[in-house]
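J.: Those sequence lines, one after another, are chains A and B.
First residue of the first sequence? That's 1143 in the numbering used here, and the numbers climb one at a time after it.
First residue of the second sequence? That's 1143 in the numbering used here, and the numbers climb one at a time after it.
The following block contains the structure, expressed as structure tokens.
2 protein chains.
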Amino acid sequence: MTKLKGACLIGQSGGPTSVINSSVLGCVEAALESEYITKVYGAAHGIKGVLNDELYDLTLEDPEELKLLKYTPSAALGSCRYKLTDPDSDDTDYKRFLEILKKYDIRYFFYIGGNDSMDTCNKISKFLSDNDYEYRVIGIPKTIDNDLAETDHCPGYGSAAKYVATTFMEVYRDATVYDRGSITVLEVMGRNAGWLTAASALAKYNGTGPDLIYLPEVPFDLDKFVADVEKVYKEKGYVIVAVSEGVRDNEGKYISSYFTDMAKKKDAFGHAQMGGLAAGLADYANQKLNAKIRGIELSLLQRCAAHLASKTDIEEAYMAGKAALEAAVEGQTAKMVAFKREEGTEYICKTVMVDLSDVANVEKTVPREWINEEGNDVLQPFIDYALPLVQGETELKYENGLPRFARLKKIKAKA
Amino acid sequence: MTKLKGACLIGQSGGPTSVINSSVLGCVEAALESEYITKVYGAAHGIKGVLNDELYDLTLEDPEELKLLKYTPSAALGSCRYKLTDPDSDDTDYKRFLEILKKYDIRYFFYIGGNDSMDTCNKISKFLSDNDYEYRVIGIPKTIDNDLAETDHCPGYGSAAKYVATTFMEVYRDATVYDRGSITVLEVMGRNAGWLTAASALAKYNGTGPDLIYLPEVPFDLDKFVADVEKVYKEKGYVIVAVSEGVRDNEGKYISSYFTDMAKKKDAFGHAQMGGLAAGLADYANQKLNAKIRGIELSLLQRCAAHLASKTDIEEAYMAGKAALEAAVEGQTAKMVAFKREEGTEYICKTVMVDLSDVANVEKTVPREWINEEGNDVLQPFIDYALPLVQGETELKYENGLPRFARLKKIKAKA
């Protein structure tokens, strides 16, 4: 395939992570070095920015400020959750997309995101192929959920995992400080895949972590849960629980919805329920025990705490962005950058290119054999898998005692 | 006063902070260097450990492990919330306390805590004076609430403030990433004093922080709150709110209780309320706006996140522990270590000794003139006050990519 000359466009999509911007930087810096890239554009709020003709000219940014993207959380260009229509029934969005590419002579499109974004990439790629426009489309993975197929792990996961494990270590020390019994339940993100909740086990590996861990991969039973808590409580006097937001019963009903229902009925326990899954579970487990209970939802903090990002994750996210640009210039398209872990005891991670169609709309969950039989803990293979991903600390700069994140000018691009 | 020779006992009390253990280390290291201190004991779970004759012999700990206390959150010796009886009506506890002091030849007692702990120190000190036992009792301040009188600020506050400000910077970037409107309310600790909630303003000072800040010092009005949110929303399309857990209406009723009441009545908004104050407020404010809403309770994380502790705070906490030991050896008693900020533009903090009786049971709140007239923001004098306290980063060591906190052996003391 001949090398194609033209502008490149980078977009970010889906929920934030601590390292999406590092992937942007990897892609932008490689683009600025390439003789085949004529211009570097960023899409405001992902695909929506393209459709609205809102592009930023990233070559006009201060290079020093761009470099700070490596340590800046969330999506500096803005994100979206826009789902393209099926091109067979309505191709308005695709036509518009092609129009914008032509307007700016964009030949390279990079989209950083999760499952849905890879599906978007895939659809765009197919449409462009059918419309005789020479182009390269490459997806760059991103998700704290770590649920993308065809890749060993996803950029964003290592940092979120480091945050979750560290937080469990710290909360453990707080929650066990009194001589009075306590039950503390922490709710971790993950609707269908328990990767991030499982990362709480790393805290245990390093000294002090959760006593019980529940992932969505195993059906959740309230009675079993109460029995588990009671057992630990009688042994230790306190219980720290990690629970995934997505735990469901064996009929597939979300456990969180139990507590919403209870709140509506309000009399189930004689008092109104407050605080969602974590507080609901702590309260429920405490029916027979007279403990101090607390439910904590880690909420947004787990996906934007760049101050605690993993250096490994930051560097790999950068590497993924750079690899995407290089692969595209080499002529690859309709691919996603994936990570391949080398065999052997030393952790070595390399990039490979996989087909977008193999990734789009597939969810990878935690293997059942990495979870103990009882379904309330994870096993050594998971630790071996996850531990290398949280290694190393961020080199985030501080100003006034607080993080100095990138401040982009975001200058609107001119065609 | 002649110098007194004997053992010293250190106890920790009340809610955890990131730097209480740094004060323990400051006190222990100074004690180990002093020729007047014969032994160094730690009380298991504060005053309760003394009454139960559960003391640790801290001289048996590995000095390298002790040094890690400087960066280890929560109370390594354990804490309690035990309130001593009034010695005039029931002196059982005090007699027992004196018995234990005599048993171990303890002449120096150091208690690290907040208001209640200073009251405990004060009562113990009076009882010992009346019972002809030569002793020194010194209180060491500790509280993320920063509400102790007679001191410029309290150890623990700077680190919690740094955590809160950093978290607001990060959540701001997360909550504003989409092009769709959003309302995000974060609930910060502080029942009566708004110092910690006010620290969210430091984030704004550094680029991106809350749009609205509500402290318990100003009566909270729900209608005014909704109007405030609506105004910001119409201007910017998103709103980030910092609210203290202790905000009350002008009759002194906690706003959080409104939402508990609503949940009980469940029909107030046609659906059950979940998630306490933050979620309740976000939901309430959104009645007229069709925004994405989110309520986040910072919960325990704000008081135990040692990985983000302020170096200034860590060093000052250490200095307070050391000053307590030195003052006691010099003959001072019934005092608390306090911080005095030197006049001038450069931040210099020194320790002074204040009377326990002036500190016990007094609460210091944020001056009204540091809050704007509308009661939804703080002013420059607060920034000038708080900014020096969050300077510098922790030197916490990492092991396996996660914090390496102190692991004490906690060997029971023998008399």
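Quick reminder that beta carbons are idealized off the backbone N, C-alpha and C, glycines included.
Among residues of its own chain, excluding the 5 on either side of Pro-1215 (chain B), which ones have a beta-carbon nearer than 6 Å to its beta-carbon?
T.: Here the set comprises Ser-1160, Cys-1446, Ala-1448.
J.: In three-state DSSP terms, what is Ile-1397 (chain A)?
T.: It is helical.
J.: Name the one or two DSSP bridge partners that Met-1495 (chain A) has.
T.: According to DSSP, Met-1495 (chain A) bridges with A:Val-1479.
J.: Report yes if the C-beta distance between Pro-1352 (chain B) and Glu-1458 (chain B) is below 8 Å; otherwise report no.
T.: Going by C-beta atoms, Pro-1352 (chain B) is not nearer than 8 Å to Glu-1458 (chain B).
J.: Between the stretch 1338-1355 of chain A and chain B, which residues of the former have a C-beta closer than 9 Å to a C-beta of the latter?
T.: Those would be Leu-1344, Ala-1345, Tyr-1347, Asn-1348, Gly-1349, Thr-1350, in chain order.
J.: Ala-1433 (chain A) and Val-1327 (chain A) - do their beta-carbons sit closer together than 8 Å?
T.: Contact: no.
J.: Is Ala-1307 (chain B) helix, strand or coil when you go by DSSP?
T.: Three-state DSSP puts Ala-1307 (chain B) in a helix.
J.: Over the uninterrupted beta strand (DSSP E) stretch that includes Leu-1210 (chain B), give me the two end residues.
T.: No beta strand (DSSP E) holds Leu-1210 (chain B); DSSP gives it neither H nor E.
J.: Could you name the residues of the same chain whose beta carbon sits closer than 6 Å to that of Leu-1467 (chain A), not counting the 5 residues immediately before and after it, in chain order?
T.: If we look at Leu-1467 (chain A) and ignore the five residues flanking it on each side, its Cβ neighbours are Cys-1169, Ala-1172, Ala-1173.
J.: Does any residue of chain A have a CB that is nearer than 8 Å to the CB of Ala-1448 (chain B)?
T.: Output row for Ala-1448 (chain B): interface = yes.
J.: According to DSSP, is Lys-1434 (chain A) helix, strand or coil?
T.: Here Lys-1434 (chain A) sits in strand by DSSP.
J.: Hey, does Ser-1176 (chain B) have any beta-carbon neighbour from chain A nearer than 8 Å?
T.: No, Ser-1176 (chain B) lies away from the interface with chain A (no Cβ there is under 8 Å from its Cβ).
J.: Can you tell me which of B:Ser-1324, B:Val-1192, B:Asn-1288, B:Lys-1212 puts its alpha carbon nearest to the alpha carbon of Gly-1157 (chain B)?
T.: Nearest option by C-alpha distance: B:Asn-1288.
J.: From B:Ile-1553, B:Ile-1248, B:Thr-1285, B:Asp-1294, pick the residue whose C-alpha is nearest to that of Met-1331 (chain B); which is it?
T.: Comparing Cα positions, the closest option is B:Thr-1285.
J.: If you draw a straight line from the C-alpha of Gly-1517 (chain A) to the C-alpha of Asn-1542 (chain B), how long is it?
T.: Going by the C-alpha atoms only, they are around 25 Å apart.
J.: Just checking: is the beta-carbon of Gln-1522 (chain B) within a distance shorter than 8 Å of some beta-carbon in chain A?
T.: Output row for Gln-1522 (chain B): interface = no.
J.: For Glu-1439 (chain B), is the classification buried or exposed, using 16 other Cβ atoms within 10 angstroms of its Cβ as the cut-off for buried?
T.: Result: buried.
J.: CA-CA distance, Leu-1243 (chain A) and Arg-1249 (chain A)?
T.: Roughly 7 Å between the two C-alpha positions.
J.: Any Cβ of chain B within less than 8 Å of the Cβ of Glu-1457 (chain A)?
T.: So, not an interface residue.
J.: Leaving out five residues on either side along the sequence, give the residues of the same chain with a beta carbon under 6 Å from the beta carbon of Asp-1500 (chain B).
T.: Excluding sequence neighbours, Asp-1500 (chain B) sits near Glu-1292.
J.: Using a Cβ cut-off of 8 Å (strictly closer), state whether Ile-1282 (chain B) contacts chain A.
T.: Output row for Ile-1282 (chain B): interface = no.
J.: Give, in chain order, every residue of the stretch 1186-1207 of chain B whose Cβ lies closer than 7 Å to some Cβ of chain A.
T.: Here the close residues are His-1187, Lys-1190.
J.: Within the continuous alpha helix (DSSP H) that includes Val-1166 (chain A), where are the two ends?
T.: Where Val-1166 (chain A) is concerned, the enclosing alpha helix (DSSP H) stretches over 1162-1175.
J.: Leaving out five residues on either side along the sequence, give the residues of the same chain with a beta carbon under 6 Å from the beta carbon of Ala-1470 (chain A).
T.: Contacts found: Tyr-1250, Arg-1278, Ile-1280.
J.: Within its chain, find whatever has a CB closer than 8 Å to the CB of Thr-1180 (chain A); leave out the 5 residues flanking it on each side and keep chain order.
T.: These residues qualify, in order along the chain: Lys-1147, Gly-1148, Ala-1149, Asp-1247.
J.: Going by alpha carbons, who is nearest to Ala-1512 (chain B) out of B:Asp-1195, B:Glu-1505, B:Leu-1431, B:Phe-1524?
T.: This sequence places Trp at residue 1512 (chain B); Ala is not what is there. When each option's Cα is compared against that of Trp-1512 (chain B), the closest is B:Phe-1524.
J.: I'd like the list of long-range same chain contacts for Ala-1342 (chain B), defined as Cβ closer than 7 Å, with 5 residues on each side in sequence excluded.
T.: The residue asked about is misnamed: residue 1342 (chain B) is Ser in this sequence, not Ala. Once the five neighbours on either side are set aside, the close Cβ partners of Ser-1342 (chain B) are Val-1306, Ala-1307, Phe-1310, Val-1330, Gly-1351, Pro-1352, Ile-1355, Ala-1384.
J.: Tyr-1253 (chain B): which of B:Ile-1325, B:Asp-1321, B:Asn-1163, B:Leu-1208 sits nearest, CA to CA?
T.: The residue with the shortest Cα to Cα distance from Tyr-1253 (chain B) is B:Asn-1163.
J.: I'd like to confirm the pairing. Which residues does DSSP put opposite Thr-1326 (chain A) in its beta bridges?
T.: DSSP, once it has assigned bridges, lists A:Ile-1382, A:Arg-1436 as partnering Thr-1326 (chain A).
J.: Quick one: Cα of Val-1532 (chain A) to Cα of Leu-1498 (chain A), how far?
T.: Distance between the alpha carbons of Val-1532 (chain A) and Leu-1498 (chain A): 27 Å.
J.: Counting only Cβ pairs nearer than 9 Å, list the residues of chain B close to Ser-1324 (chain A).
T.: The premise fails here: Ser-1324 (chain A) is roughly 11 Å from chain B at the closest Cβ pair, so nothing lies under 9 Å.
J.: Using 8 Å for Cβ pairs, my map puts Leu-1364 (chain B) next to Tyr-1426 (chain B). What's the rounded Cβ distance?
T.: The Cβ separation is near 7 Å, so the contact holds.
J.: Whose C-alpha, out of A:Lys-1551, A:Ala-1557, A:Ser-1441, A:Ala-1555, is nearest the C-alpha of Glu-1207 (chain A)?
T.: Checked all of A:Lys-1551, A:Ala-1557, A:Ser-1441, A:Ala-1555; the closest Cα to Glu-1207 (chain A) is A:Lys-1551.
J.: Between Ala-1470 (chain A) and chain B, is the shortest Cβ-Cβ distance under 8 Å, so that the two count as touching?
T.: No, Ala-1470 (chain A) does not count as interfacial toward chain B.
J.: Using a Cβ-Cβ cut-off of 8 Å (strictly less than) and excluding sequence neighbours within five positions of Arg-1223 (chain B), which residues of its own chain qualify?
T.: Here the set comprises Ser-1155, Gly-1156, Asp-1258.
J.: Between Lys-1539 (chain A) and chain B, is any beta-carbon pair separated by less than 8 Å?
T.: With 8 Å as the cut-off, Lys-1539 (chain A) does not count as an interface residue toward chain B.
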